[in-house]
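Data block below; observations after.
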Amino acid sequence: IPGKPPYWSSAFLSIQYAIDSLFIEASTAKVTIPPELRLRRMPEATYNSNSIAVFLSISSYVWGLCVFVLVIHTAREIVSEKSTVKDFLSVMGLSAPVFYLSHLLYATVKCFIVFLIGAIPLTAHLGHVSASLFLVTIMLYGISAVVFAALISSLFKTPNSVLKVVIVLWVILVAARFRAPRVDQILFCTLYSLNPNAALFYALNTFADYMNRGRELSWSNCFEDGTFHFTAGAALIMLLVDIIWMSMATLLFDFMFSDSDFTFFKLPFGNKYLSGSSTRLEQNDGNNETDEGLLKTRAGISVQRLIKIWSSTGERAVDGMSLEAYVGQVTVLLGQNGAGKSTTFSVICGITAPTAGKVFICDLDVQKHRSESRKRIGLCPQANALFNKLTVDEHLWLIHGLKGASGSYKAEAQQLLDQLKLDEKSNELAMNLSGGQKRKLSVSMAVIGHSSVVLLDEPTAGMDPGARRDVEALLETIKVDRTVLLTTHYMDEAELLGDRVAIMASGRVYCCGTPQFLKKRFGTGYVMTVVAAEKASAQDVAETLTRTAARYIPGAERGKVHGKQFEIILPKEQQESFPQLFEYLEKSKDSLKITSFGLSLNTLEQVFLKVAENTDPNDMIDFVDASISRSEELIQAQRAVRQTGYSLMFAQLRAIFAKRFLYCVRNWSQLIGQVLIPLGILILIGYLSGIQKQLNGDKERVFSVATFGPSRIPVKVEQRSPIVSAYIDVVSKEPKSQVYELGPDDNLTTWVEHLPKQLPAAGFGAVFAKNAVEVLFNSRAYHSLPTSLNAYDNARLKSETDASDGRIRTQLLAYSSNISTGSGPSRVVSQGVVDALLGPFLVLALALVTSPFVIFLVEERVSKFAHQQSLTGISPVLFWLSSFLFDFLFYAIICACFLAVFIICGWMQGYLGFVILLFALYFWSCVPFIYAVSFMFSSPSKANVLLILWQLVAAFAAMMFIFIFVLGEILQPTISEIIRSLLLCLLPSFALGNAVMTVGTVSAEKSPPSVLWEWNMLGKNLTFMLIFGCFSSLLFLMFQFKIVRYRWFQLWDLRYGRRNYGRVANDDEDRAVSEERMSVQQSGDDLALEVK
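In terms of our numbering, the sequence shown is residues 2 to 1093.
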């Protein structure tokens, strides 16, 4: 008998039957005694439950957990490449679909390997379910999970941001099956299956149902009964739909966010955003001074009145710039840091869109013909865009292929490697190259593939003079039929290579021409270099000689002083007076205390500085004033009395706290993932657990054959009477229903078992005996009871009044929620579900809080700032103690917010002391381990990912293992207890989640808090968390402090009788020193020196 809705226990059926009987008596004007009425549950077909079917019904969690790590890793890898090399590869010809497809194919292969290992053994036990259908469903789910990772990664630009979002969203999507619509709600199931985890859930549940009922499920009938419920075929189609819609959304978002200057405000306004710049654009021609007499060929690059305003800040990075670079020439773009050179390169390459103006590459508009123009570009970015695990030769092969270049790759690659002296490194991994060799490789990648336009952004930065000469020789060779545009901070390089030199300042090109033209137009004159005598003061000699030179040449000025050498600048207008000065200097060397002097034309560096100074002299004055002010502050600080003792310790502690606080505040995206998302998870659970379902008072439920829907209706006739024909006539009015008339000798149970195992099911019916009538109802159908009774009462009315159109219509007005459930308002998420979810979701929340602690530690160590701090004299003990205290305060504030949610939601009232203890022990067990692990990584995001996997995925896997194998009694109790203890010891997050669920269970049972101290309750969890914290602390101390390692190895050697103290080395020592140490240790006495 169904308990919900409580038609039986609430006396609703008795009232319905009484009202119907009174209506029939009023209609016939006579009192009749109806036959005895009985209610009987419809027999059900055999339903065999087996362990494989049970596992399938819950395995959507298992598959979601199996792919969880892959989803996280795929999203991180895509975002990592987006933030480093994607823009470079797109310039070289890689399209966005190919970029994402490459990652998806690689991730899909890994997913298939994992899934096949788990799925193939199951196919042998699926019985009546097609193995190929099952495998295809699982594989499609794996593909959809990988595409989901790509979709989320298209929205973010940093690995840490995407990491937190992927973890939270995937856990929510996997757990969303708790609110999955019923399979008969086809439209809602279809919408719900836009979540691939929901589609998999429906498919696996259908597989399990067919196995339990012993029905065949294959490709031919996977859509069977699709008009009645959500089928396995429909779930399969929805997985395909999920893959398609997420793929399209990925490409759409990538297109929207591919511009580094994208903002949502630009979408609706378009060109209106640029209208404010049009007036200024007309006023600004760009070039102020241009060498018109320079021989011009075809322009490979043409920049026309380019303006770039960053939407986020409103800053004008480029302000009306115009520039042309010609085929067969090397054009050098000079400018101070922040002048707009890199922004100009980004616009030329099509990485970011201009606010106004146009850029042409080989007469192609970059914005209108981006793909075609990029085929002609070779780019060497300012930062090396290399893959650590690819060799030099493989890099060149990759770029050659992306450009789709014709001709022999081998010959061109070998020629480039020979010219840059990288031929011996062709099979060397990029990660093993020196900094200069990496720059050479980047230049080679820009040149290979016969690029018509070569863009080099500081190509020789970090190179030694010999390597610079190799690159300069290469550029002289390739410029014959190409356009070369490069930036550099080496003025001698610009003067040597540049056929044309453009000087840029404040977003504009102020002058452009040959080096000779610029020197003549902007030069300060000639430079006389003088060397002072050995025992003379260079400053005094320079002052004396400057006054002497001014007597012969008006306008002479002193230049730079370098040791014994100094410069005097001579105006070029006074060239006729130079011989008199030189004659005097030759005669007076001894009296002037000089040894030699020489004359040269002014350098390009002087031209550059003069142009920069003339662009905005006020900025230079402000800069000088600020520098003088800072210098005075530093001098005053050095005169102050240095702090010592406790005052110094507290000052250092305060400084470290301030540094950590500023880091947290200014990394607000990390703060969101570390604070707001964990709080939001708990608040969401609390909100759902507090929402109550209320029936709508205006909604009515009509009970009739027509509103019940299609059904198979058995009518067993043991004694025929007029009411039998009337009943058959009433129930036949639903055209899609099928009426089966059974004879006296037919067995109803046998008939049900031989029904076709497909919808519609047997919903209701009747058995007409000699002196009684049995009304049949289906216990699995919500409203079968009142509908079946209504059909019988309508048959009574028809048989006694002979009214062909007369019928009784029973309606229920839900004026009280008691009618719906019988127990008052119900919660959207029951307390049992809350208790089951609270442990895992609390583990998720605390993992998001604690794992990012490693990011700051790794960043500080990799950037060498930790080493810089140690040079200030700060104690390592104080440094780590302050870090521990700051993290503890941060953690304590978050846990206080968690406890506030517990109190507001009424969770575990009277047991919150145990929750606080669990929070404290979790911090003790995890944070020292995080500190120790920070020494093993050079990538902050990778360290964060692996720590989250350790805290979260491993804990979830352990919970799933315990649920399936231990609670399912698949393993022996002794083995189960050993495995459980081992998991508790190795995974503090699993111990925490298990303990929280235990506290929730005890709280629900209203047991005394003292029972939680028992060993099998919380005693084991607390003990193992404490032990793991001690182990983590020892591990951290061994990594950080050499003395701890030394003492530990001493104890180890005493235990085993060995002496291995020599293996304790300085982690910070140079690699060459370390190799020399090992060489000496391994040489024995061969290099011993005996002193007598």
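Backbone N, C-alpha and C define an ideal beta-carbon position, used for all residues, glycine too.
Outcome for G874 when other beta-carbon atoms lying within 10 angstroms are tallied against a minimum of 16: exposed
Segment contact flag, the segment 497 to 515 with the segment 315 to 329, C-beta cutoff 8 Å, min 3 pairs: yes
Proximity winner among P877, K588, T604, relative to S597 (alpha-carbon distances): K588
Whole alpha helix (DSSP H) elements within the segment 980 to 1021, 4-residue minimum: 989 to 1005
For H563: DSSP bridge partner residues: Q566
8 Å Cβ cutoff met for I682 and L845: yes
Alpha helix (DSSP H) segment containing R469, residue limits: 466 to 479
Distance CB(L456)-CB(I378) smaller than 8 Å: yes
Nearest-angstrom beta carbon gap, H401 and Y410 [assumed within contact, 8 Å]: 5 Å
Neighbour-count burial assignment, D419, 16 or more Cβ in a 10 Å radius: exposed
8 Å contact criterion, which M93 and K404 should meet: CB distance rounded: 6 Å
Buried/exposed call for F567, threshold 16 Cβ in 10 Å: buried
Runs of beta strand (DSSP E) wholly within the segment 535 to 564 (minimum 3 residues, chain order): 558 to 563
Test: F567 CB closer than 8 Å to a CB of chain D: Although the question refers to chain D, the structure presented lacks it and comprises just one protein chain.
One or two residues paired with F361 in a DSSP bridge: S303, D366
The segment 996 to 1015 contacting the segment 903 to 920, beta-carbon criterion three pairs below 8 Å: yes
Buried versus exposed, by CB contacts within 10 Å (16 or more), Q973: exposed
Identified DSSP bridge partners for M505: G336, V510
Stretch pair the segment 939 to 952 + the segment 159 to 178: three plus CB contacts closer than 8 Å: yes
Nearest residue (CA-CA) to Q720, options F13, F887, P36: P36
Boundaries (first-last residue) of the beta strand (DSSP E) holding V774: 773 to 778
The segment 23 to 42 contacting the segment 100 to 115, beta-carbon criterion three pairs below 8 Å: no
Rounded C-alpha distance that separates P761 from A959: 42 Å
Separation of I479 from V472, as counted between CA atoms: 11 Å
F1123 to F149 span [Cα, whole Å]: Residue 1123 lies beyond the stretch modelled for the chain, which goes from 2 to 1093, so this question has no answer here.
Under 8 Å between C-beta atoms of I310 and T356: yes
Own chain partners of E316 with C-beta closer than 8 Å, once the 5 adjacent residues on each side are dropped: I310
Start-to-end residues for the alpha helix (DSSP H) that takes in G402: 393 to 404
DSSP state of S601 mapped onto helix, strand, coil: strand
Length of the line joining the Cα atoms of L417 and I449: 8 Å
Proximity below 8 Å, CB of F658 to CB of S876: no
Helix, strand or coil at A767 according to DSSP, with G and I counted as helix: strand
Enclosing alpha helix (DSSP H) for R797 [first to last residue]: 785 to 802
Bridge partners - L743, DSSP secondary structure assignment: K717
The segment 562 to 576 contacting the segment 514 to 527, beta-carbon criterion three pairs below 8 Å: yes
Secondary structure of L141, DSSP reduced to three states: helix
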